[in-house]
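**Student:** Have a look at the structure that comes next, please.
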Ligand code: NBP
């Protein structure tokens, strides 16, 4: 017998993905650099389906039916290149290598190009949902050549998460690095969502005066409404959790320094290159970095802040409702920014990404799965060439209804000295976009003054320069 798919790299993600394929009826070839992991998988889970354990690369490749489908699930970066170098020489034209790791899309583009020259189909595949998702159904974002999806797609559709309407959470995102690019932005949006939730929590705690347990209840209530999402759900779980050792709220015994693995940072770096304002995601990345500067924070702790005001019970409850509005409005903005980045990447690299399809495959399996994504899907269904999510009538109306509360929350945060970089950045983006005139005109004047960089006029075509050092007359540049 031969295997329809092989997985090399059997740490948590690879192991669970292999089990997911096997549980769905596929024969799965297994390989890992350290052979003991392969044996462990077969010993512990061998009865879940058909596995073929291979000890060497050659055995692994020979176990696969042709054309071969080989999934790599190893640490991104050097290890992925090492594994490709090991297997590529053993493969034949028409075979497929699928990289399910969190690769940088630029690496995926490079690898796809090199392997294409050998006739090997290289599919950079974003996988979201953590280890549970890998086992029970992740959201899957494959890129690579379209024809690879003809044979791989049906298998991925089987193992993927299903949205509430039953649609599989996988689609061919686009050529070469498109899948990993979209996975990267997914993670950036995840950072922003988490930051906004964190700010809501801090406001409910410091301004409204609620305890973590009370805030858990508030999040549970929010989770029955338009904020219904995996992240809100687990937030309530984390906040309700009590530390067994001390009896304190769990959130109070955890060191408040957030770590990051890099995909959020990449999202911002690439956005800078593409010239896309993803201020919400950037603030989320910066907030994590700031939290990690323990010495700087210790040195700043004595700095002056405002005197806190106490809210009555009724005021606190009203404030909590306003925070929900602020969170929702800010969330619309951060998705607007993330989708803008995907559109810009798609334009830059000719990927022709269907934004509606992307929102659709994020509805299940992944970390940012949420009822909200159905609304984004509906927005793109109504108008595929929507210039921005904010141009969608429903979102525009919801923000219009939320904006007074959104502003009030940011005013309260400012008055009470609670940092809300995510909420504020989202509102600043919103206000700047809808502004009739921006101070960018002044910026252009300054640039022309000190660097003769020229400017355009509102009333005439062409580029102009004012002779600032002379008689200040205007010349055509
Ligand atoms: P890790 O990212 O921890 O990678 C461990 C695997 O890489 C092991 O199988 C290890 O083999 C193998 N490996 C390394 Br390290 N260097 C190698 C080399 N030079 N040659 C061959 N194999 C090598 O595993 P993971 O957490 O399961 O994640 C796998 C991929 O999935 C990563 O790219 C990750 O970013 C991505 N991802 C993870 C999650 C998540 O929630 N964890 C979610 C989505 C995507 P060994 O056993 O011999 O050391």
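Residue numbers (UniProt numbering): 3 to 479.
In this text, a Cβ means the ideal position worked out from N, Cα and C, and glycines have one as well.
This one's a predicted model, so the numbers in the text were calculated from it and none came from an experiment.
Quick one: what's residue 137 bridged to in DSSP?
**Tutor:** For the purposes of this step, residue 137 is taken as residue 135 along the chain shown, with counting starting at 1. Residue 137 is not bridged to any residue.
**Student:** If you draw a straight line from the alpha carbon of residue 149 to that of residue 121, how long is it in whole angstroms?
**Tutor:** Counted from its first residue, the chain shown places residue 149 at position 147. Counted from its first residue, the chain shown places residue 121 at position 119. Those two C-alpha atoms are separated by around 13 Å.
**Student:** For ligand 1, is there a heavy atom less than 7 Å away from the beta-carbon of residue 102?
**Tutor:** What you label residue 102 is simply residue 100 of the chain shown in a count that begins at 1. It does: the Cβ of residue 102 is within 7 Å (strictly closer) of some heavy atom of ligand 1.
**Student:** Which ranges would you report for the beta strand (DSSP E) in the segment 261 to 298 if only whole runs of at least 3 residues count?
**Tutor:** For the segment 261 to 298, not a single whole beta strand (DSSP E) run of length 3 or above is found.
**Student:** Between the C-alpha atoms of residue 210 and residue 169, what's the straight-line distance to the nearest angstrom?
**Tutor:** In the chain shown, the residue the question calls residue 210 occupies position 208. In the chain shown, the residue the question calls residue 169 occupies position 167. Rounded to whole angstroms, residue 210 to residue 169 spans 41 Å at the Cα level.
**Student:** Do you know how far the Cα of residue 99 is from the Cα of residue 58?
**Tutor:** Translated into the one-based positions of the chain shown, residue 58 becomes position 56. Translated into the one-based positions of the chain shown, residue 99 becomes position 97. In a straight line, the C-alpha of residue 58 is about 17 Å away from that of residue 99.
**Student:** From 10, 20, 358 and 86, pick the residue whose C-alpha is nearest to that of residue 36; which is it?
**Tutor:** Along the chain shown, one-based indexing puts residue 36 at 34. Minimum Cα distance to residue 36 is reached at 10.
**Student:** Buried or exposed for residue 131, please, with buried defined as at least 16 other CB atoms from any protein chain shown within 10 angstroms of its CB.
**Tutor:** Within the chain shown, residue 131 is the residue found at index 129, counting from 1. Answer is buried; the Cβ neighbour count reaches 16.
**Student:** Please report the residue range of the beta strand (DSSP E) in which residue 71 lies.
**Tutor:** Start at 1 with the first residue of the chain shown, and residue 71 comes out as number 69. Run containing residue 71: 71 to 74, per the beta strand (DSSP E) assignment.
**Student:** Using a threshold of 7 Å, is the CB atom of residue 75 nearer than that to any non-hydrogen atom of ligand 1?
**Tutor:** Translated into positions along the chain shown, residue 75 becomes position 73. Checking the Cβ of residue 75 against ligand 1 gives yes.
**Student:** Check each candidate in 325, 434, 461 and 330 and name the one with the smallest Cα separation from residue 229.
**Tutor:** If you number the chain shown from 1, residue 229 lands on position 227. When only C-alpha atoms are compared, the closest one is 330.
**Student:** Return the chain-ordered list of same chain residues with a C-beta closer than 6 Å to the C-beta of residue 187, the five sequence neighbours on each side being excluded.
**Tutor:** Position 185 of the chain shown, counted from the start, is the residue given in the question as residue 187. Around residue 187: 269, 340, 343 and 344.
**Student:** Is any non-hydrogen atom of ligand 1 found closer than 7 Å to the C-beta of residue 261, if you look at the structure I gave you?
**Tutor:** The residue given as residue 261 occupies position 259 in the chain shown. No; taking the cut-off as 7 Å, the Cβ of residue 261 has no heavy atom of ligand 1 nearer than that.
**Student:** Looking at the strands, I want to know which residues DSSP matches up with residue 467.
**Tutor:** As a first step, residue 467 must be located in the chain shown, where it is residue number 465. In DSSP, residue 467 forms a bridge with 477.
**Student:** Between 95, 94, 286 and 103, which lies nearest to residue 85 when the distance is taken from Cα to Cα?
**Tutor:** Taking the chain shown and counting its residues from 1, one reaches residue 85 at position 83. Looking at the Cα atoms, 103 is the closest of the given residues.
**Student:** I need the boundaries of the beta strand (DSSP E) containing residue 32, first residue and last residue.
**Tutor:** Locating residue 32 in the chain shown gives position 30, counting from the first residue. Counting along the chain, the beta strand (DSSP E) containing residue 32 begins and ends at 30 to 33.
**Student:** Name the residue from 217, 194, 195 and 196 whose alpha carbon lies nearest to the alpha carbon of residue 205.
**Tutor:** Here residue 205 refers to the residue found at position 203 when the chain shown is read from its first residue. Nearest C-alpha to residue 205: 217.
**Student:** Taking the C-alpha atoms as reference points, what is the distance between residue 77 and residue 107?
**Tutor:** Sequence index remark: in the chain shown, residue 77 carries index 75 (1-based). Sequence index remark: in the chain shown, residue 107 carries index 105 (1-based). So the two alpha carbons sit approximately 15 Å from each other.
**Student:** Do residue 311 and residue 159 have their C-beta atoms within less than 8 Å of each other?
**Tutor:** Taking the first residue of the chain shown as position 1, residue 311 is located at position 309. Taking the first residue of the chain shown as position 1, residue 159 is located at position 157. No, the Cβ-Cβ distance between residue 311 and residue 159 is not below 8 Å.
**Student:** Measure the C-alpha to C-alpha separation of residue 280 and residue 332 and round it to an integer number of angstroms.
**Tutor:** Taking the first residue of the chain shown as 1, we reach residue 280 at position 278. Taking the first residue of the chain shown as 1, we reach residue 332 at position 330. If I take the Cα positions, the gap works out to 12 Å.
**Student:** For residue 8, list the residues DSSP reports as bridge partners.
**Tutor:** What you label residue 8 is simply residue 6 of the chain shown in a count that begins at 1. According to DSSP, which records beta bridges pairwise, residue 8 is partnered with 31 and 72.
**Student:** For the candidate residues 430, 264, 421 and 377, whose alpha-carbon lies nearest to that of residue 400?
**Tutor:** The count along the chain shown starts at 1 and reaches residue 400 at position 398. Among 430, 264, 421 and 377, the Cα nearest to that of residue 400 is on 377.
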